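This report refers to the structure that appears directly beneath it.
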Amino acid sequence: MKSIEAKEFSFRYLHQAEGEKALSNLTFEVEEASVVGIIGRAGAGKSTLVKSLNGLVPKVDLGYQEGDMIVDGLNTRQYDVNQLARHVGIVLQNPEVQIFSLTVRDDVAFGPANLGLPREEIYKRVAEAVSAAELEHLVDRNPNDISGGEQQCLAIAGILAMQPKIMAFDEPVSMLDPLGKQRVMNILKQVTRRSGTTSITTESGADIEAVAEVVDRIIAIDQGKLLLDGDPATVLQDDRIQQIGVGRPQVTELFLQLKKKGIHFERVPITLADAENLLRDKLRQLGVKRVMRPPDYRLQQLNHFGPPVVEVENIHHFYNPQVHALKGVSFEIPERQIVGIIGQNGSGKTTLARHLVGLLKPTNKDSVLKVKGVDIKKLRLDKIIRMINYVFQNPDDQLFAETIWDEIAFAPRMIDLPEDEVKRLTEEAMKVFDLEAYKDRYIFGLDEDLKTYLSISCILPLKPDILLIDEPTTGLDEQGEVKMMQSLRYLRDQMGKTIVIITHNMKTVGNHCDRVLVMSKGNLILDGTPREVFANEEKLLEADILPPQITRLGQALSKEFGFPKDILTVDEMVEVLDYSIKQSQNGA
Amino acid sequence: MDTVFAYRQGTSFLHKGLHPFTKMVVFLVIVILSGLWLDIRYLLPLLVIGFILAYIAKAPAKLFLFIVFALALTWFPTVRSTIAQARPEYFKVLDPEWASTGIVTVNVPFLGLERLGLTYGSLYWLAGRICRFATVVTWAIVFLYTTPISDIANTLYALKTPPSIVFVVQITYKFIPYMASIINQIQDAQKLRGWHLRTLNLIKVFKRSLPLANPLMRRTAMIVEQVTIATQVRGFGSGKVTPLRDLTLSWLDKVVIIFFVGGLIFAFIAMALWKVGMI
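Protein chains in written order, with my numbering: chain H, 1 to 588; chain G, 1001 to 1279.
Rendered as structure tokens:
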């Protein structure tokens, strides 16, 4: 039976010019009890499509609709959003705005209570939803005190308790730590299988691996138009996926590259488990006993950096007597290093970053906090920001000016530099992310990637030697991520900057960082190269961190074939497998 | 991170011992009494009790800076009203002669203003006004820090309050701390770009408020949109809402309610008959 039918569905927002469309002539059907991934780059129209399923588009987000959207047999044109809420539930990206009550139990009950159900029925549904979302042990807890992943599971439970036939998830894991992502996607999959609900989930690319694990169909959209529609393996192998910047799961990319090297498999996998089985079978079939790196393989070394520019020793921070956010953190960062700080939500990463730029002071007296040898605990903020600076995750927290040029020129003007110097510094900052062509563009309505590049460019005129950047790749598609990291490398290599990024994206860490600091519950529990850190499975679990998919593939096969446990990239894995298979064929 | 004006879980008698309805009644009585009385001799005990309860509730001490901040913001109307209290006929309880004894006064012979300035009576009035404001804020802090919004909402539903009103209360209560953290975040993000307000030039002050105002407006609009979506998809506004709990009061709740409501009635009578609380 059809759960969703889009019939030549088009939508234009009120602010869009005539001829422009957020969604254009979409026609597709979704069968009951299936899990469908809607993929496309940021701004492709995924969220608009999700909102059209329960009439939010065009009834709350106003605009012009053509064609029809039929959900659970109901034409969305003919029903109000709260009537459709019984049929279609939506889980948003940000769990914080979806939680209204002060206990997990009450929050799950919020929806059924709004439907006026009898109290016994409400609590029956709450018990079922809480169990499905694996939140039984948290029912009496305050949602503010649980992890980001658990909060998102709570949002799912809140929708489940309303027993909709269709559940739509708008990038549900983009703000979560790796284990949180896995947990939410597992819940999504189980709920669909158990209750026969139809699930729709959107993805821009960074979490394509998590999505590929659970979907049984993928619809790719680009600029509001349907680009590809089919089974996940077929869609993810299509070259157009790369062209629209979404990217593929690392295991899919690996098998496609091995195919080019002449190593053929019966199919190209999209999940880690499938890849593991296929690769194990192939290696056994080829008689490979041991998988190893080529002897001349160059591992990254940690010896080409300058003297320490950040010195942190024994930092403690209490927000209040009950909340001990940093518990004696110590480390040094040498000049020109690219450092990734990782850890689950609430592990102390942001608190640490705020200390490094003087926005917070340690609450203990015997701490050391030096930048370029200067004790910044005693320094005024206007001095600190010219030595070390910090870009927050959400560009909307800082962008305010009319045009891109004005936005970048703001900082040098605030420190009273002469106008010709302001001009020079602004032009220099624009070059880093190639923003010159957009300099007169209005800030309002900028694409997410431009906003992210701009938010970093804005602090460059202050000439800080150390840049801290919170989640630089969030909201970016694969191409955007590559551009971001290339630009950060340019800042390091050409301008001598030291870069510290806070991120949940383990692929970024594996591909681009020289060193990783792992935070867990206010402690620094691991400090080393990405290879050292990602090879330490036990400690990573403690911090709710999962290494990149390609690293996990090697680790899963390390017992039988002696795979190195620290493979970081697809290219490296291809090289290792190619070498090992050739060695085995040569009888070595 | 800790947020201001947010409920904080605790085990104190105020958290666990009283029904939210009882706390709402007590808070309402305090607000009415503080509005009714002008005499600091009656207001001060309410303030002291409020401070003791805030201590028991473990409300952060820095929150009381809000009293100073709010008084600083309202200095102009406060000063204006204070200097207008210089005439003896304004005082019904205090000795008019003592109350109108001038410290610094002037006679303004136009606009019907007559005598303006600082007198013993106007200072007494000012002390009462500050005490009244501090009392209401202190009791509000006690109430907010010890009563979860879900309990307040359930109590309001059980009292048959229209769902739309309950929801506005609920959302306001939840999002005040959230918005406060966003304002802090925006301010910090701009400070990192060298932003400051250190100028006496009013045009510059206006211009420099834009880096805060613009992102705040945009973020507020986004949050409002997301909350609207989140509430609509949770069926809010579909019709009759089921209260999750009944309004069942313990004997202690009943005693507290009778004591406070009785006290309020007595205060009205005492004011009407003996001018208690007036100056």
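The beta-carbon is built from N, C-alpha and C at its ideal position, and this holds for glycine as well.
Note that the structure is a prediction, hence the values are computed from the model and not measured.
Residue i and residue j closer than 7 Å at C-beta
| i | j | result |
| --- | --- | --- |
| residue 37(H) | residue 201(H) | yes |
| residue 618(H) | residue 1186(G) | A question about residue 618(H) goes unanswered here, because the residues of chain H that appear run from 1 up to 588. |
| residue 308(H) | residue 332(H) | yes |
| residue 1237(G) | residue 82(H) | yes |
| residue 21(H) | residue 67(H) | no |
| residue 209(H) | residue 549(H) | yes |
| residue 342(H) | residue 499(H) | no |
| residue 429(H) | residue 408(H) | yes |
| residue 519(H) | residue 348(H) | yes |
| residue 227(H) | residue 220(H) | yes |
| residue 44(H) | residue 98(H) | no |
| residue 1098(G) | residue 1120(G) | yes |
| residue 1141(G) | residue 1059(G) | yes |
| residue 569(H) | residue 511(H) | yes |
| residue 1106(G) | residue 1116(G) | yes |
| residue 71(H) | residue 218(H) | no |
| residue 29(H) | residue 93(H) | no |
| residue 184(H) | residue 158(H) | no |
| residue 436(H) | residue 370(H) | no |
| residue 1131(G) | residue 1216(G) | no |
| residue 329(H) | residue 467(H) | no |
Among the options, nearest to residue i - alpha-carbon criterion
| i | options | result |
| --- | --- | --- |
| residue 147(H) | 67(H), 373(H) and 173(H) | 173(H) |
| residue 346(H) | 445(H), 151(H), 408(H) and 258(H) | 151(H) |
| residue 1149(G) | 1191(G), 1256(G), 1020(G) and 1219(G) | 1020(G) |
| residue 41(H) | 288(H), 157(H), 203(H) and 163(H) | 203(H) |
| residue 1240(G) | 424(H), 539(H) and 115(H) | 115(H) |
| residue 504(H) | 269(H), 139(H), 350(H) and 299(H) | 350(H) |
| residue 231(H) | 246(H), 242(H) and 215(H) | 215(H) |
| residue 506(H) | 534(H), 263(H) and 494(H) | 534(H) |
| residue 222(H) | 69(H), 494(H), 24(H) and 28(H) | 24(H) |
| residue 1192(G) | 521(H), 496(H), 392(H) and 574(H) | 392(H) |
| residue 542(H) | 125(H), 522(H) and 79(H) | 522(H) |
| residue 280(H) | 567(H), 584(H) and 553(H) | 553(H) |
| residue 89(H) | 56(H), 11(H) and 417(H) | 56(H) |
| residue 1166(G) | 1151(G), 1176(G) and 1269(G) | 1151(G) |
| residue 1175(G) | 1222(G), 1114(G), 1277(G) and 1088(G) | 1222(G) |
| residue 1263(G) | 1078(G), 1018(G) and 1036(G) | 1036(G) |
| residue 164(H) | 399(H), 112(H) and 491(H) | 112(H) |
Start-to-end residues for the alpha helix (DSSP H) that takes in residue i
| i | result |
| --- | --- |
| residue 1112(G) | No alpha helix (DSSP H) holds residue 1112(G); DSSP gives it neither H nor E. |
| residue 308(H) | Run containing residue 308(H): none in the alpha helix (DSSP H); it sits in the beta strand (DSSP E), 308-320. |
| residue 10(H) | Here residue 10(H) belongs to no alpha helix (DSSP H); instead the beta strand (DSSP E) covers 2-13. |
| residue 106(H) | 104-114 |
| residue 528(H) | Element bounds for residue 528(H): not the alpha helix (DSSP H) but the beta strand (DSSP E), 523-528. |
| residue 1149(G) | 1149-1158 |
| residue 1123(G) | 1120-1146 |
| residue 455(H) | 448-457 |
| residue 579(H) | 570-585 |
| residue 1015(G) | 1013-1016 |
| residue 1093(G) | Neither: residue 1093(G) is in no alpha helix (DSSP H) and is coded neither H nor E. |
Those residues which DSSP pairs with residue i across a bridge
| i | result |
| --- | --- |
| residue 169(H) | 91(H) and 201(H) |
| residue 230(H) | 218(H) |
| residue 515(H) | 339(H) |
| residue 370(H) | 311(H) and 375(H) |
| residue 1107(G) | 1115(G) |
| residue 467(H) | 389(H) and 499(H) |
| residue 225(H) | 222(H) |
| residue 442(H) | 403(H) |
| residue 19(H) | Answer is none; residue 19(H) lacks a bridge partner. |
Integer-rounded CB distance, given that residue j should sit under 8 Å from residue i
| i | j | result |
| --- | --- | --- |
| residue 387(H) | residue 377(H) | The pair is not a contact, with the Cβ atoms about 13 Å apart (cut-off 8 Å). |
| residue 119(H) | residue 1242(G) | 6 Å |
| residue 1025(G) | residue 1261(G) | 7 Å |
| residue 198(H) | residue 34(H) | 6 Å |
| residue 254(H) | residue 574(H) | 7 Å |
First through last residue of the beta strand (DSSP E) which encompasses residue i
| i | result |
| --- | --- |
| residue 65(H) | 63-71 |
| residue 330(H) | 323-334 |
| residue 31(H) | 23-31 |
| residue 159(H) | Element bounds for residue 159(H): not the beta strand (DSSP E) but the alpha helix (DSSP H), 148-160. |
| residue 35(H) | 35-39 |
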